[in-house]
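Working notes, beginning with the structure itself.
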Amino acid sequence: MWRLKPLSSSVKVSTVLAPKCQYPKGTTISQKLLVRNLWNGTKNCQATSPAAQLKTDHVFKEGQEIEGFTVTEVGHIPEYHLTAVQLLHKETGAKYLHIDRKDTNNVFSINLRTTPMDSTGLPHILEHTTLCGSERFPVRDPFFKMLVRSLATFMNAMTGPDYTIYPFATQNKQDYFNLMSVYLDAVFRPKLSELDFKQEGWRLEHEDVSSKTSPIIIKGVVFNEMKGVLSDNTNIFMERFMNSILPSHTYAINSGGDPLVIPNLTHKDLVAFHKNYYRPENARLYSYGTFPLHETLNYVSSYLKKSQGENVDSSVPSEPRWKAERREHYSYRPDTLAADPKKQSSIAVGWLTSDINNVQENFELSIITELLIKGPNSPFYHTLVEPNIGAGLHPITGFTSQTRDTIFAVGLQGMDSADFDKVVSIIDNTLADVVKNGFEQERVEEVLHSIELGMRHQSSNFGLSVLFGLAPLWNHGVNVFDALRQADQIAKLKAKLSQSPTYLQDKVKECLVNNSHKLILTMSPDNDYVAKQDKAEAEILAEKLKKLSEEQKELVFKQGLELKEAQEKKDDLSVLPTLHISDVKDDVERHQLQLVKSNNVPIQYAAQPTNGITYFRGIINSAHLTEEEKNLFSVFCSVAAKMGVKDHDFHEFDHLVQMKTGGLGIGVQSVNHTSDVAAYEEGILLSSYCLERNFEAMLDLWRKLLCSVTFEDKNRLETLVNDMASDLVNGLIHSGHRYAMLSAGSQISPLAQYQEISGGVTHINIMKKLAGSDVEPLLSKMQEIAKKVFVKDNLRIAVNCMPEVLQETEAKLASFLETIPGTPNSQPKIWTNNEPVNETNQPGIHHVLPLPVNFAAKSVLTVPYTHEDHAVLQVLGKLVSSKYLHPNIREKGGAYGSGVGINQSGLLNFFSYRDPNTTATFDIFDNSYNWVKKNEFSDKEIDESKLGLFQGLDAPVAPGSRGNLNFVNHITYDMLQKYRLSVKNVTRDRILEVAAKFLNPESKVIASRTLIGPENKDIASRPGESWKSMSYEN
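Under UniProt numbering, residues 1 to 1034 are what the sequence shown spells out, in order.
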């Protein structure tokens, strides 16, 4: 999968909405230009407490030899409670970095520098193909098969602009070595068969593989994936920007692959690239956690042998600097969801700044970036966003240190092309003003506070985040110890500021104002863009068909049948390592929760090793809102903390928030009752965290917001609405499967209907209308919602803090509650009860959008979380996903991803992602029961499906989030443990019984469907289904 998002934000396709479904294979790492210095990559990632009672490895010494490796450097990084050990493999020169840290979630990764010089997608397709079988594991797609034979907390592979990485994480030691064996064999000893290349990359094949009379078309997983990626205007813009500002080497091309160029790639090219780049000499290996290093090195060494490939220089030279700025203009597809058809253009101004090896300067540039663009008090927010010239800062805005030369860029989206020159002038004038007047000291303090808070904040994936932060730096030879020593970087910056108060503004002048390597990139919609792309693809296909002899056409047909036969062949999976159900721990990890009442408000306390941070959450029921207010509730949640309060406008209030907290979060709370599919909780979720010394100040900020939020600034609300609408449209293509599942579920489930209004396609349409209208009437509506929900009548609270400050925290919270309006209810209203929306007519919605791929979903309303069938449906979903949907929708159909899983609300959701097919995919969904009732799956496959579920059920939870399952989802530890036991005890007979009940078309289940994609006239004629089409024309 190729996404222009920060590497650390890499998302498994199936986990966005259906976390029990299939992971995608292959994620291309982002080229998005954001603040990417290490502190920003790890600031939200600390894992277990430094006091955790875990055994780490022995003391390391420079010069020490371990299993064929020599220790070259050892360094303790106290701010992250870790010891970094760098080693070199004596025989091959392979580099190795181990992070020794008290954390149960161990990580391993193989990193390779891959620098293609064309847009055939060579490293991306190779990354896919290596995971299709290897010497030791000669089965089809061992990567996907390991997903259900493991307790991995993360498994993926990712292609970046100049490197490819293969990471995984797990808490189980046997699992760690199982996965390591598969990954090492895949990377260094892959099969790379031509059939796998054709499946994953591209191929000529009959549309109907069994019919010679059907047209020959281009198929392939990556081919279709990249068509989907490049249907997103944001992705097109960012790719063009990267190509243009770094035009002399590998960044000038699309490493993920251009669909118009991918068909130039040959299998021979693929094999040669692997031979030359997938060499130990070009490898950087990474491990993290508590598992003994010597055991890991012993195993790794067996794969590190001198290679026979050509000694290719994979290094990336520094970009030759320009003597004058350059301007480029391109076109992209019109956006039918844009609020204003005349405002669909984008612009970015960017500068090539520093060598990636200059760690200190890049750290300082990341700080400058925060000062320039972050929040409503930043200069560019004042000059670009508040005047409402466009819909908000372009996602490209920020600083990146992923490439050989680092980049700063600032851009605007949703604007009129007539304003291009005006925006360039504003950007130049803003920087000139910063150079002249500098940054306010308070703003500098805000950023430094965010760093301190970020270094303490904990999450469960710290080891992965360190990997994702270091990978692009290490790839170019950056000293990883310098990059990890955040405290040293901060101290050096403070010393420079002490010596020269104008240091930061002088750096702006040096790196930006006086920098001639400056790119101005603009893009505007072209109404013929889609037609031109379609024509270009048709011409490529026609040219290839023209060159085919009759014998070659016959070969195309035979190879299609050969691939189909290979896809249907039963592999001997006994060669793959696996865990067993006996490896799953007996009981859920429990943490003591203290349930009390203060001022008649229910409070849940969790005394945890939070590293000096206090976490606050509150939920207030909103069921009493009117229907119109509920339609606007998601808007309210998005803007309420950004409008200001009685005594402070939004500029002042944001400054107070940034100085004392990690932000005040307000979101929509929507969760189903655990024992009733017709009941759900609707409300507002408040969340924030702070250094424990600032807890009282944080509560005071919440008091000001809840008691005196103001909705009087029309211009401010217009700015926020435009920005929200633009962000939502940008996210639709990337998360199309999520929107499809929400839309499908909303036709039959009360909760999903509520969620569709607050976060689905319906919400996007609401935002589109608001962004294109006068927001004056919205001000009073927002104020009225605030009066109704910002009260403690139905409030409940959860706090996680260090044990030693618990008593003090309780006292401060009690004082806070006395100041909040309302009359507390000792038994707060929680549940809304509504009957299923549509019970009989198998409804369907087709959202018609001009996309080159489809997102399909089918929802079936089943049973709630505590019902005996729910756990069975979970296992059934895993089984169907891996053994039926994946082979048919991805391998044969060419979609990027697919799956089926059940959520807490009892919706069984089928989905496909970036899918070239439509009705065929729905037929596959509907035929799931026929596959299950054949009863051809083994007991081992049932157990594997259970293992796949325990990856999520037993995933590590950070101290600041412990107790959330109980507080937010109303699932107690006892309920979770009972559910775990139910999963363990699922039998074949129960799977067949439940499948007959909910998958059998003759059982008259409550089901619905959604298709997001281009116009499809066949969908409406599907028998027994009632479809309606929704078009979005400007």
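Quick reminder that beta carbons are idealized off the backbone N, C-alpha and C, glycines included.
**Prompt:** So, are the CB atoms of F168 and M155 less than 8 angstroms apart?
**Reply:** In the sequence shown, counting from the first residue as 1, residue 168 sits at position 168. In the sequence shown, counting from the first residue as 1, residue 155 sits at position 155. Yes.
**Request:** Determine, using beta carbons only, whether F653 and G662 come nearer to each other than 8 angstroms.
**Result:** For this step, residue 653 is matched to residue 653 along the sequence shown. For this step, residue 662 is matched to residue 662 along the sequence shown. The beta carbons of F653 and G662 sit no closer together than 8 angstroms.
**Prompt:** Per DSSP, E682 forms a beta bridge with which residues?
**Reply:** Position 682 of the sequence shown, counted from the first residue, corresponds to residue 682. According to DSSP, E682 bridges with S670.
**Prompt:** Along the chain, where does the beta strand (DSSP E) that runs through F168 open and close?
**Reply:** The residue you call residue 168 lines up with position 168 of the sequence shown. Run containing F168: 163–170, per the beta strand (DSSP E) assignment.
**Item:** P142 Cβ short of 7 angstroms to the ligand FAD heavy atom set
**Value:** Although the ligand FAD was asked about, the structure shown includes no ligands whatsoever.
**Asked** What's the C-alpha gap between I218 and L561?
**Response** For the purposes of this step, residue 218 is taken as residue 218 along the sequence shown, with counting starting at 1. For the purposes of this step, residue 561 is taken as residue 561 along the sequence shown, with counting starting at 1. Computed Cα separation, rounded: 15 angstroms.
**Message:** Please give the ranges of any alpha helix (DSSP H) in the region 980–1024, keeping only runs that are unbroken, at least 4 residues long and fully inside the region.
**Reply:** 988–998
**Sequence-distant residues of its chain with Cβ nearer than 8 angstroms to L504 (five each side left out)** = Here residue 504 corresponds to residue number 504 of the sequence shown, with the count starting at 1. If we look at L504 and ignore the five residues flanking it on each side, its Cβ neighbours are E364, I367, I368, L371, G438, F439, V444, L497.
**Item:** Test item: CB-CB of I245 and L352 under 8 angstroms
**Value:** Against the sequence shown, residue 245 aligns to sequence position 245. Against the sequence shown, residue 352 aligns to sequence position 352. Closer than 8 angstroms, so yes.
**Prompt:** Going straight from the alpha carbon of I678 to that of D974, what length do you get?
**Reply:** The residue given as residue 678 occupies position 678 in the sequence shown. The residue given as residue 974 occupies position 974 in the sequence shown. Before going on, a small fix: residue 678 reads as Ala here, not Ile. Between A678 and D974, the C-alpha separation is close to 23 angstroms.
**DSSP three-state assignment for K1028, whether helix, strand or coil** = The residue given as residue 1028 occupies position 1028 in the sequence shown. Correct three-state label for K1028: strand.
**Prompt:** Going by other Cβ atoms of all chains shown within 10 Å of its Cβ, with 16 needed for buried, is T290 buried or exposed?
**Reply:** Taking the sequence shown and counting its residues from 1, one reaches residue 290 at position 290. By the neighbour-count criterion, in which a residue is buried when 16 or more other Cβ atoms sit within 10 angstroms of its Cβ, T290 is buried.
**Prompt:** So, helix, strand or coil for G612, using DSSP?
**Reply:** Counting from 1 along the sequence shown, the entry for residue 612 is found at position 612. In the structure shown, G612 sits in coil (DSSP, three-state: anything other than H, G, I, E or B).
**Request:** Write down the C-beta distance between N106 and G463 rounded to the nearest angstrom, noting that I regard them as a contact closer than 8 angstroms.
**Result:** Here residue 106 refers to the residue found at position 106 when the sequence shown is read from its first residue. Here residue 463 refers to the residue found at position 463 when the sequence shown is read from its first residue. The pair is a contact, with the Cβ atoms about 7 angstroms apart (cut-off 8 angstroms).
**Asked** Is the region 945–955 touching the region 1017–1034 in the sense that three or more CB pairs, one from each, lie closer than 8 angstroms?
**Response** no
**Asked** R279 to A623, Cα distance in whole Å?
**Response** Taking the first residue of the sequence shown as position 1, residue 279 is located at position 279. Taking the first residue of the sequence shown as position 1, residue 623 is located at position 623. Using only the alpha carbons, I get a separation of about 60 angstroms.
**Message:** Can you list, in chain order, the residues of its chain with a C-beta nearer than 7 angstroms to that of V513? Leave out the 5 residues immediately preceding and following it.
**Reply:** Taking the sequence shown and counting its residues from 1, the one referred to as residue 513 is at position 513. Cβ within range, chain order: L431, A432, V435.
**Prompt:** Near H517, which residues of its chain fall below 7 angstroms by C-beta distance, leaving aside the five closest residues on each side in sequence?
**Reply:** On the sequence shown, position 517 is the one that residue 517 refers to. Hits under 7 angstroms: R321, W322, W351, L352.
**Asked** How about K714 and V775: do their beta carbons lie closer than 8 angstroms?
**Response** As a first step, residue 714 must be located in the sequence shown, where it is residue number 714. As a first step, residue 775 must be located in the sequence shown, where it is residue number 775. Cβ distance < 8 angstroms, so K714 and V775 count as in contact.
**Request:** Specify the secondary structure class of D405 as computed by DSSP and reduced to three states.
**Result:** Reading the sequence shown from its first residue, position 405 is the one you call residue 405. If DSSP states are grouped into helix, strand and coil, D405 belongs with the strands.
**Asked** Counting Cβ pairs, one atom from each stretch, are 3 or more of them under 8 angstroms apart for the region 128–144 and the region 70–79?
**Response** no
**Item:** Opposing strand residues paired with S688 [DSSP bridges]
**Value:** Translated into the one-based positions of the sequence shown, residue 688 becomes position 688. Its beta-bridge partners are F616.
**Prompt:** So, does the CB of R456 fall closer than 8 angstroms to a CB anywhere in chain B?
**Reply:** Given the protein chain composition of this structure (a single chain), no chain B is represented.
**Message:** Using a Cβ-Cβ cutoff of less than 7 angstroms, which residues in the same chain neighbour E67 once the five nearest sequence positions on both sides are dropped?
**Reply:** Within the sequence shown, numbered from 1, the residue matching residue 67 stands at position 67. Excluding sequence neighbours, E67 sits near H294, L297, N298, S301.
**Prompt:** Run through DSSP, which three-state label would H847 get?
**Reply:** Indexing the sequence shown from 1 puts residue 847 at position 847. Correct three-state label for H847: strand.
**Request:** Could you name the residues of the same chain whose beta carbon sits closer than 8 angstroms to that of S1003, not counting the 5 residues immediately before and after it, in chain order?
**Result:** In the sequence shown, counting from the first residue as 1, residue 1003 sits at position 1003. These residues qualify, in order along the chain: A996, K997.
**Request:** With a cut-off of 8 angstroms on the beta carbons, I'd call P161 and T250 a contact; round off their distance for me.
**Result:** For the purposes of this step, residue 161 is taken as the residue at position 161 of the sequence shown. For the purposes of this step, residue 250 is taken as the residue at position 250 of the sequence shown. Right, their Cβ atoms sit about 7 angstroms apart.
**Validate contact between the region 868–882 and the region 180–187 using beta carbons, cut 8 angstroms, 3 pairs** = The region 868–882 makes no contact with the region 180–187, as fewer than three CB pairs between them are under 8 angstroms.
**Prompt:** Would you call P341 buried or exposed, if buried means 16 or more other Cβ atoms sit within 10 Å of its Cβ?
**Reply:** Counted from its first residue, the sequence shown places residue 341 at position 341. It is exposed - the Cβ of P341 has fewer than 16 other Cβ atoms within 10 Å.
**Classification of K1028 by the beta-carbon crowding that lies within 10 angstroms, buried from 16 upward** = Start at 1 with the first residue of the sequence shown, and residue 1028 comes out as number 1028. Burial call: exposed.
**Asked** Three-state secondary structure (DSSP) at A186?
**Response** Position 186 of the sequence shown, counted from the start, is the residue given in the question as residue 186. Per DSSP, reduced to three states, the secondary structure at A186 is helical.
**Request:** Please name the residue, chosen from N362, L179, P142, H847, that lies closest to T153 on a Cα-to-Cα basis.
**Result:** Taking the first residue of the sequence shown as 1, we reach residue 153 at position 153. Among N362, L179, P142, H847, the Cα nearest to that of T153 is on L179.
**Prompt:** Quick one: Cα of L97 to Cα of M415, how far?
**Reply:** Translated into the one-based positions of the sequence shown, residue 97 becomes position 97. Translated into the one-based positions of the sequence shown, residue 415 becomes position 415. Roughly 46 angstroms between the two C-alpha positions.
**Message:** I'd like the list of long-range same chain contacts for N825, defined as Cβ closer than 7 angstroms, with 5 residues on each side in sequence excluded.
**Reply:** The sequence position of residue 825 within the sequence shown is 825, counting from 1. Same-chain partners within the cutoff: D793, N794.
**Message:** On a Cα-Cα basis, can you pick out the residue from K61, Q533, K227, A542 that is closest to L204?
**Reply:** The residue labelled residue 204 in the question sits at position 204 within the sequence shown. Here the closest residue by C-alpha is A542.
**Asked** Considering only the beta carbon of each residue, do N362 and T406 sit closer than 8 angstroms?
**Response** Numbered from 1 along the sequence shown, position 362 holds the residue referred to as residue 362. Numbered from 1 along the sequence shown, position 406 holds the residue referred to as residue 406. Yes, they are a contact pair.
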